[in-house]
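K.L.:
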Amino acid sequence: MSFADRRPAAHAACTNCLRRSWLLAQLSGPLDFICSSPERLVDLLALPDEKLIEALAGRRRSELHSRHAHFSPSELTPAVGVVEICRHDGRYPPTLRGALAPAMLFASGDLSRLSRLTTHPMVAIVGARKPTDYGIEMAGALARGLAASGVTVVGELADGITQAGQDGALQTGAALAVLPSGVDVAPPARQRSLLARMQRVGVAVSELPCGSPRRRWSTAAAVRIVAALAPLTVIVEAEDSEHELAGAHIAHTLGRTVAAVPGRVTSRASSGAHVLLREGASLVRGAGDVLDLLCVTGRPAERGDGELDGLEPRLRAVLDSVAAGLDTPHKLIGGGEPGELLQALSELEVLGLLARGDGGRYVPSGALGGAA
Amino acid sequence: MLARAHTFTIDGLQPRHVAVEVDIRAGLPAFTIVGLADAAVREARERVRSAILNSGYEFPAKRITASLAPADVPKAGAAMDLALACAVLAAAGQLPRECLSDHVLFGELALDGEIRACCGTLAVAQATRQGNLGKLVLAGAGTHEAQLVEDLEVAPAERLSSAVRVLRGGEPDAAPASARAPGPGRTAGPDLSDVRGQHHAVRALVTAAAGGHNCLLSGPPGTGKTMLAQRIVSILPPLSRAEAIEVTRIRGVVDSIAGELVTQRPWRAPHHSITTAGLIGGALRGSLGEVALAHNGVLFLDELSEFARPVLEALRQPLEDGRVAIVRARHSTIHPSRFMLLAATNPCPCGYAGVGERCDCSEAELARHRRRLSGPLLDRIDLLAQLDLDGARELDAPATITSSRARELVTAARERQAARLRDDGAALNAHMDAAMLRRHIRLDGRGDALLRAAGERGMLSARGQHRVLRVARTIADLDDSPRIRACDLGSALALRGDAGVAGRRVA
């Protein structure tokens, strides 16, 4: 590809849609003020341009009205390697069309990959920003299983469950991330490698024009796109709070299927997931349950059970104890013989059935999550 | 009239011979000291004058010039007072000049003529013996330390007048009685039986002590990390004679009160605000750092993640080589630093990571904590001793093991290691290099398969595999097993040091 080809040409999207995207970037400041209530933010973002200016612009109202009227696409600088798709474009993800549809999607990555990923069944894996080891393992195992079955795992680029989910999905397949900033803006250092891999194998999209910084409101707005994009939203671990459950509530309002992974009933980190389950969300124990919900035919054979069946009884016993919450050698050994037990733990770790969490704690990993 | 006396100045760990030359000429009364003397040496003029007068001698009212040779070596400390005073007396004709030539004079003078002990007595005694410089005259308090050197004539002198008597060929003063009976060192300090519960961590600590492995204690606040660490000295075997001499020499350089042979292994626990120079040495010319003071003992770093990153990075060479080379523009020195590193840390900044939902650290805080611990230093930690909140609640539980029993186990395991490694010049499993590992480590089929699988899974680097093998060898030694069994290797793998910090909060 020659240099001239890589240089961004004129905007491909229609002016009205570009104008909407530009306006959101202009209103970032006021939007930050109201983002403490996710519902209100979603309502506001559904307003047409003129009403949005009236509602938010304050003293800049007249100025923004005139700039809005005289908007020209050249005010948005297109970035290299970024594809613009407006909602009138044929390549716009069909599941996203609806009341909450963002006017523009800026995508980085391969365009054909985007259309492929968005035509595959999509599942959003979302949840707590500060999960426990259990939540991370579950999200990772779930995403690995789904991605291997050809499902596109969707999530906003954020700490915690979504990150664990996307990380898992990229290990076996592809994922789609919704960014809270322009797609060309550098993410926080701890998400840099994830985003780089995402752009290599998956796709990252954003409704904001290139160069827009990450804001509080845009993180909440990304949640709404994720919920709208995927027909099925799985909450892996979430506290019972408006913010942690925002994605589930939006998905529910849009008529999407909501599912949740249970935790221990005493665990605060899973309390939100339990509330959803009580309210009628589908229960998810592993990738198989999700595939059932999607009614995907030809689901792959469960690998976990077979693998665990072949496990020696002594290893099986240790694995069960760890799964029951005995997560340090101290608790596991009790009064027993340490050498045998530590050997069993090491063998399980080598088999990939156990992993080490913070401070060296043992966490059930991989196959166990998929086996359910 | 010219007189020459012999003494030493301490430069880092090395004593340097100094010839004190005093010349007395007619002229206005003056006392000048030349030869790169520091403030303490220049102030010796006042101490020497008063001590001579108060001891009943005459201080010559003439022009006195003292030269400290070699002139280009900086001299520090007050230990040259005695040599200066005696050289002045000899130059003034109050003492025969010849008698100075076969004596080394080492001590600080009080104004009333009393001789005080100085730092570095053992080092000076060794240098005196090596240089065949004759009899060592020093303060009574340093006698026992100096007498550790064989074939050296030591003459204790409490006052300047006694020193003059010794120089004239008279009897030295009687040495003060020894503060404690010489003999095998008792286990001093707190006992391991105080620790209740935490049997896993206690076992890991005993393993670390047996093989001299570097060990990381990890656990939530209040679970007894520091308590456990403080008890490691009580389970280490006593110093051998050669090691004890080394330790006494090092301690004597910073601390004149050592006085006797040190029998207990050094235990150094610097606060986390320590600077690089404080840890490694070299703040002033050749000054000793904590790593040298911990030689043949234990260096304990509590709250490892709070130490400054450059300070931890600087530990790499001492840990690897057992010595630290300090090189400055006009000065270079090598200090011994073969110690066992013991570190303690919380699993996260708040300390409760992994304990249900008690942890309230943000992802960024966790990432920072992990970054600070991980990397090159963690690569040199062989063992992870995990402490547990539940373990800390078992206050009624019987003690896992007492210090004396643990010490027996450790001593027996160390004897087995020493017997095996005798021909290789090492004494501990922790000091085995790759060639020795190849020679002495045999795995059974299951152990071999386990290790290979762990390597393929990316759990272990090549260096990590060596560490696991060393620890496995120690666990087998503790059990008196000539071979490394699969359970020894499995335990070593479960206890590997980097498992505690490779937390995968971010999956």
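Heads up: the sequence lines are chains X and F, in that order.
Here the first sequence is numbered in numbering that gives the first Met the number 0, starting from 0 and rising by one per residue.
Here the second sequence is numbered in numbering that gives the first Met the number 0, starting from 0 and rising by one per residue.
Built from N, CA and C at the ideal position, the CB exists for glycine as well.
It should be emphasised that the depicted structure is a prediction, and the values quoted were computed from it without experimental measurement.
To the nearest angstrom, how far is the alpha carbon of F:G168 from that of F:V136?
P.N.:
The residue given as residue 168 of chain F occupies position 169 in the second sequence. The residue given as residue 136 of chain F occupies position 137 in the second sequence. Those two C-alpha atoms are separated by around 12 Å.
K.L.:
To the nearest angstrom, how far is the alpha carbon of F:Q197 from that of X:I160?
P.N.:
In the second sequence, residue 197 of chain F corresponds to position 198, counting from 1. In the first sequence, residue 160 of chain X corresponds to position 161, counting from 1. In a straight line, the C-alpha of F:Q197 is about 33 Å away from that of X:I160.
K.L.:
Is there at least one Cβ from chain X nearer than 9 Å to F:G390's Cβ?
P.N.:
In the second sequence, the residue the question calls residue 390 of chain F occupies position 391. Chain X contact via Cβ: present.
K.L.:
Measure the CB-CB distance between F:G446 and F:A493 and report whether it falls below 9 Å.
P.N.:
Your numbering for residue 446 of chain F matches position 447 in the second sequence. Your numbering for residue 493 of chain F matches position 494 in the second sequence. No, the pair does not count as a contact, with Cβ atoms beyond the cut-off.
K.L.:
Any idea which residues DSSP pairs X:K129 with across the strands?
P.N.:
Counting from 1 along the first sequence, the entry for residue 129 of chain X is found at position 130. In the DSSP output, where bridge partners are listed per residue, X:K129 has none listed.
K.L.:
Pick out the complete beta strand (DSSP E) segments inside the segment 179-232 of chain F, 3 residues or longer, and give them in chain order.
P.N.:
Listed in chain order, they are 214-217.
K.L.:
When we look at the beta-carbon of F:N131 and count the other beta-carbons within 10 Å, is it buried (16 or more) or exposed?
P.N.:
The sequence position of residue 131 of chain F within the second sequence is 132, counting from 1. Label assigned to F:N131: exposed.
K.L.:
Taking 9 Å as the CB-CB limit, is F:S272 close to chain X?
P.N.:
Residue 272 of chain F sits at position 273 when you count from the first residue of the second sequence. No, no contact with chain X.
K.L.:
Quick one: is F:E245 buried, meaning 16 or more other Cβ sit within 10 Å of its Cβ, or exposed?
P.N.:
Locating residue 245 of chain F in the second sequence gives position 246, where the first residue counts as 1. F:E245 comes out buried.
K.L.:
For chain F, is any of its Cβ atoms less than 9 Å away from the one on X:A188?
P.N.:
Position 189 of the first sequence, counted from the start, is the residue given in the question as residue 188 of chain X. By this cut-off, X:A188 is an interface position.
K.L.:
Exposed or buried, which one is F:E289 when buried takes at least 16 other CB atoms within 10 Å?
P.N.:
Residue mapping note: residue 289 of chain F aligns to position 290 of the second sequence, counting from 1. F:E289 should be labelled buried.
K.L.:
Whole angstroms are fine: how far does the CA of X:N15 sit from the CA of X:A100?
P.N.:
The sequence position of residue 100 of chain X within the first sequence is 101, counting from 1. The sequence position of residue 15 of chain X within the first sequence is 16, counting from 1. Looking at the two C-alpha atoms, the distance is approximately 14 Å.
K.L.:
Run down chain X in chain order and give the residues with a C-beta less than 8 Å from the C-beta of F:E362.
P.N.:
Residue numbering aside, residue 362 of chain F sits at position 363 when the second sequence is read from its first letter. Those within 8 Å of F:E362 in chain X are R128, K129, D158, G159 and R189.
K.L.:
Going along chain C, which residues have a C-beta under 7 Å from X:S345?
P.N.:
The chain inventory of the structure shown lacks chain C, comprising the protein chains X and F.
K.L.:
Suppose only complete runs of 3+ residues qualify. What are the beta strand (DSSP E) ranges in the segment 102-189 of chain F, listed by chain order?
P.N.:
Correct list: 102-105, 134-137 and 153-155.
K.L.:
Compare the C-beta of X:V260 with all C-beta atoms of chain F and state if any pair is closer than 9 Å.
P.N.:
Here residue 260 of chain X corresponds to residue number 261 of the first sequence, with the count starting at 1. No, its Cβ sits nowhere closer than 9 Å to a Cβ of chain F.
K.L.:
Look up F:A84 in the DSSP assignment and say whether it is helix, strand or coil.
P.N.:
Looking up residue 84 of chain F in the second sequence gives position 85. In this structure, F:A84 counts as helix in the three-state DSSP scheme.
K.L.:
Is the beta carbon of F:D22 closer than 9 Å to that of F:A84?
P.N.:
Numbered from its first residue, the second sequence carries residue 84 of chain F at position 85. Numbered from its first residue, the second sequence carries residue 22 of chain F at position 23. Not in contact: F:A84 and F:D22 (Cβ atoms no closer than 9 Å).
K.L.:
Under 9 Å between C-beta atoms, does X:P93 make it to chain F?
P.N.:
Working through the first sequence from its first residue, we reach residue 93 of chain X at position 94. Chain F contact via Cβ: absent.
K.L.:
Under 8 Å, with one C-beta from each stretch per pair, do the segment 126-144 of chain X and the segment 108-115 of chain X reach the 3-pair mark?
P.N.:
As far as the Cβ criterion goes, the segment 126-144 of chain X does not touch the segment 108-115 of chain X, which means the pair count is below three.
K.L.:
Considering Cα atoms alone, identify which of F:K61, F:A43, F:P59 and F:V33 is closest to F:V72.
P.N.:
Along the second sequence, read from residue 1 onward, the residue named residue 72 of chain F stands at position 73. Per the Cα distances, F:V33.
K.L.:
Roughly how far, in whole angstroms, is the beta-carbon of X:D166 from the beta-carbon of X:L193, given that I think they are within contact range, below 8 Å?
P.N.:
To locate residue 166 of chain X, count along the first sequence from 1; it is residue 167. To locate residue 193 of chain X, count along the first sequence from 1; it is residue 194. X:D166 to X:L193, Cβ: 6 Å. Contact.
K.L.:
Helix, strand or coil for X:R298 per DSSP?
P.N.:
Sequence index remark: in the first sequence, residue 298 of chain X carries index 299 (1-based). The predicted position of X:R298 is uncertain, since its pLDDT is 37 and thus under 50; no value can be drawn from it.
K.L.:
For X:S61, report the span of its alpha helix (DSSP H) as first-last.
P.N.:
Here residue 61 of chain X refers to the residue found at position 62 when the first sequence is read from its first residue. Taken as a continuous stretch (DSSP letters only), the alpha helix (DSSP H) holding X:S61 covers R60 to A68.
K.L.:
Could you round the C-beta distance between F:D150 and F:R128 to whole angstroms and report it? I think they count as a contact, below 8 Å.
P.N.:
Mapped onto the second sequence, residue 150 of chain F falls at position 151. Mapped onto the second sequence, residue 128 of chain F falls at position 129. That pair is a contact at about 6 Å.
K.L.:
Provide the residue span of the beta strand (DSSP E) that contains X:S107, from first to last.
P.N.:
Position 108 of the first sequence, counted from the start, is the residue given in the question as residue 107 of chain X. Unbroken beta strand (DSSP E) run through X:S107: M103 to S107.
K.L.:
Bridge partners for F:I333 per DSSP, in chain order?
P.N.:
Counting from 1 along the second sequence, the entry for residue 333 of chain F is found at position 334. According to DSSP, F:I333 bridges with F:A324.
K.L.:
Just the C-alpha distance for F:L383 and F:L468, rounded to the nearest angstrom, thanks.
P.N.:
Counted from its first residue, the second sequence places residue 383 of chain F at position 384. Counted from its first residue, the second sequence places residue 468 of chain F at position 469. When rounded, the distance between both Cα atoms is 15 Å.
K.L.:
With burial defined as no fewer than 16 other Cβ atoms inside 10 Å of the residue's Cβ, what is the status of F:H143: buried or exposed?
P.N.:
Along the second sequence, one-based indexing puts residue 143 of chain F at 144. Label assigned to F:H143: buried.
K.L.:
Does the CB of X:H242 have a neighbour CB from chain F at under 9 Å?
P.N.:
Walking along the first sequence from the start, residue 242 of chain X turns up at place 243. No - not a single Cβ of chain F is within 9 Å of the one on X:H242.
K.L.:
My output table needs one value for X:E206: the three-state DSSP class, helix, strand or coil.
P.N.:
Within the first sequence, residue 206 of chain X is the residue found at index 207, counting from 1. X:E206 falls in the coil class under three-state DSSP.
K.L.:
Given that F:R527 touches chain X, what residues does it touch there, using C-beta distances under 8 Å?
P.N.:
No statement about residue 527 of chain F is possible, as the shown extent of chain F runs from 0 to 506 and does not include it.
K.L.:
Check whether the Cβ of X:A371 lies closer than 9 Å to any Cβ atom in chain F.
P.N.:
Within the first sequence, numbered from 1, the residue matching residue 371 of chain X stands at position 372. Low confidence applies here, because X:A371 scores a pLDDT of 32, under 50, leaving its location unreliable; read the following figure in that light. No, because no Cβ of chain F sits closer than 9 Å to the Cβ of X:A371.
K.L.:
For the segment 451-472 of chain F, which residues have a CB atom closer than 8 Å to at least one CB atom of chain X, in sequence order?
P.N.:
Per Cβ criterion, the list reads A452, A453, R456 and M458.
K.L.:
Counting pairs of Cβ atoms below 8 Å between the segment 339-359 of chain X and the segment 314-327 of chain X, do you hit three or more?
P.N.:
The segment 339-359 of chain X, when compared against the segment 314-327 of chain X, does touch it at the 8 Å Cβ threshold.
K.L.:
Can you tell me whether X:C85 is helix, strand or coil according to DSSP?
P.N.:
The sequence position of residue 85 of chain X within the first sequence is 86, counting from 1. Residue state, collapsed to three classes: strand.
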